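Residue numbers (our numbering): 5 to 536. Every residue, glycine too, gets a C-beta built ideally from N, C-alpha and C. All values reported here derive from a predicted model rather than from experimental measurement. Heads up, the thing below is written out as C-alpha cells.
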C-alpha cells in the first residue's frame, strides 16, 4: 500500500460547498491533489437507473461516483473514475481494475462488479481517449500518451484513488488489490514489476505484457497465411482444422470423454500436413493445400526472426483455431484491424506493414517501444518483499494473447525466484478463449465483473483469502453455465505445473478429476535475446 497517501490528502482543497450544502461525496468536487483534479462527485441512489457507454446498470448499491483527471505533464490527460460504496457496506479495501485493447474509455462493467463486492473500485481510460484505433500513437506523434498507456496511467490512477478513498472515509484502504485481463493483465504485471508497493495482491489474466513480440506475432500470422495465393485459410476451412485437432487430441492428456477442447494443447501431436489434400480429393473444404499446411505449422511452431531463425514469441496453441481467424485477414487483405496496429508506432504512419522485415524492423520495434510496453522482468522480489500475492490465469484456447508465453514467463519467475510459490500461482484453463468464453468451463471469478462465487470457485475471492487471511489457494473450480444460467459442467483448475486428470465418472462434475503433477509444457521457447 502507498505510504504517502496521508501527505497527499493534506493537499486537498475542499471549498466548493459548505458543510450544510454538501454531502461527503459532493464535497469531493473540485478537490486538487498534486497533478489531479476531481471534475465531478455525485451521490448515486441504490438501484438508480444508470446508462453508461450504452450499458444499463439498475441493480447497484448506493455509492459516490467520482470522475477525475490526472497526468504527469501538460501533454498527459488521464481520466479516472472511482466508485465509493457507502461506509456501512465498504469492505475497507480498494480494487484497481484493468482495461482492454488500447483503452480510451472507462470499463464500467469492472467498476460495477467491484462495487457489488464491496470494494472502493477504480478504473482509468489509460490516457488514450478516444482510442477507437491505435492511430493516436502512429509515427510517435504523441509520445506522452504512449507512455501513459504503457507504464504511467495505472500507477497515477492508483495513487489518486488511494488518496481520495482516505479523504472520503477518513481512513486509507487496509488493502489494495488489482484485477485485469488482456491489457488489464499487462497493467497488472506492470504494477508488480515497476510499482511493487502500489498493490497488496494482483490478479493478472491473459496478460499482454510481452507487447511488442505479441503484436509482431499477430503480423507474422497474417503474413504467413498470405505467403502465396494458396496460403489463405477461410473460416470454413479453419473450422475443419479445429475439428481435426479435436478428433486427434480431445479427451486425452487428462481430458474426459465428450470434451470439445484440449486438456493440454502442448501434448497434441496433430500435424497440419496430415490434412493435405490428396490427388483427386473431392471435398477440398475438408483438406489443406500444402501451402496452407506450411502456414499452420509455422503458426503453431513459434514466430521467428527471419535471419537468425530464433523464436521471439511462442506459437498459438492447437485448439485456439476459433479465435485465430481474426488474425488471418481476408483473402485479398492480409493485414487489417489490430494485426498490424503497433508497427506504425515505431516505423511511421505511412509504413507498409506487408513489407515488414522480421530482423531489422523487429529490432527497431523492440528498441523503440519495448522499454515502454514490454513488462517481462521475472524478478518480482520487491513485490514479494512487500507481502504481495500474485495469481495469473490464462485460457489454453486463447487465440488473441498467447497462453504459452504466459507459461514461459511464469517459469522464468520460478528460475529467478526459487520461492515463487510462496507468493505466486498460475492457473491454465483448458478450453477457455481470451479471458472468458470457449468450450471449456470458463467462469472462475477471473474478473471483478464476473459472476461471484465462493473462495473455491472465484479467483478474486481466493486472492483476497490468501492476502488477508493467509489461506494459500489450491485448485479452483471452473464452471460452465448453459444459456439458462444453470450449471452445465464444472472442472478443477490446478496450480501450474499440476493439471487436472479425469478419474472416471461424470465428466461434467469436478469430483471426477484430480490434480496431479505433470511434465512441464512442451513447446519451443523464445531465444534469450527476446527475454528482456
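May I ask you to report which of helix, strand or coil DSSP gives residue i?
i	result
residue 492	strand
residue 532	helix
residue 195	helix
residue 378	strand
residue 4	Summary: the structure shown does not reach residue 4, with the chain confined to residues 5 through 536, and so no result is reported for it.
residue 2	The displayed coordinates of the chain run from 5 to 536. Any statement about residue 2 would go beyond what the structure contains.
residue 144	Note that residue 144 has pLDDT 49, beneath the 50 cutoff, so the model's placement of it is unreliable and the number below is only indicative. In the structure shown, residue 144 sits in a helix (DSSP, three-state: H, G or I).
residue 335	coil
residue 59	strand
residue 97	strand
residue 448	coil
residue 112	helix
residue 234	coil
residue 526	coil
residue 214	strand
residue 414	helix
residue 82	strand
residue 357	helix
residue 48	strand
residue 421	coil
residue 300	helix
residue 456	coil
residue 245	helix
residue 168	helix
residue 312	coil
residue 324	coil
residue 438	coil
residue 467	helix
residue 264	coil
Mind checking who residue i pairs with in its DSSP beta bridge?
i	result
residue 89	67
residue 519	504
residue 397	209 and 431
residue 42	72
residue 37	40
residue 499	431
residue 317	307
residue 485	491
residue 280	292
residue 128	84
residue 54	61
By a C-beta neighbour count over all protein chains shown, 10 Å radius and 16 as the cutoff for buried, is residue i buried or exposed?
i	result
residue 343	buried
residue 78	exposed
residue 491	exposed
residue 521	exposed
residue 195	buried
residue 211	buried
residue 536	exposed
residue 160	buried
residue 42	buried
residue 478	exposed
residue 405	buried
residue 318	buried
residue 483	buried
residue 382	buried
residue 190	buried
residue 356	exposed
Compare the C-alpha of residue i against each of the options and name the closest.
i	options	result
residue 202	318, 391, 238 and 510	391
residue 96	213, 52, 163 and 173	173
residue 525	411, 478, 149 and 171	411
residue 267	104, 152 and 519	519
residue 271	226, 115, 62 and 400	400
residue 475	55, 489 and 460	460
residue 466	511, 103, 396 and 218	396
residue 3	37, 119 and 71	This structure does not reach residue 3, given that the chain is present from 5 up to 536, and the question cannot be answered.
residue 469	394, 530 and 417	394
residue 121	109, 103 and 99	99
residue 507	409, 426 and 260	260
residue 223	109, 33 and 306	306
residue 512	262, 193 and 170	262
residue 84	527, 111 and 315	111
Next on the checklist: Does the structure place the stretch 272–279 close enough to the stretch 495–502 that three or more beta carbon pairs sit under 8 Å?
Outcome noted: no
Checklist entry - If you pair each beta-carbon of the stretch 310–319 with each one of the stretch 348–367, do three or more pairs fall below 8 Å? => result yes
Checklist entry - Okay, do the stretch 230–242 and the stretch 288–302 touch, 3+ Cβ pairs below 8 Å being the bar? => result yes
Next on the checklist: Quick check: the stretch 245–257 against the stretch 377–391, are at least 3 beta-carbon pairs closer than 8 Å?
Outcome noted: no
Item to check | Three CB pairs or more closer than 8 Å across the stretch 175–189 and the stretch 373–381 | outcome: no
Checklist entry - Counting pairs of Cβ atoms below 8 Å between the stretch 499–514 and the stretch 429–440, do you hit three or more? => result yes
Checklist entry - How do the stretch 28–44 and the stretch 66–76 stand: do at least 3 beta-carbon pairs fall below 8 Å, yes or no? => result yes
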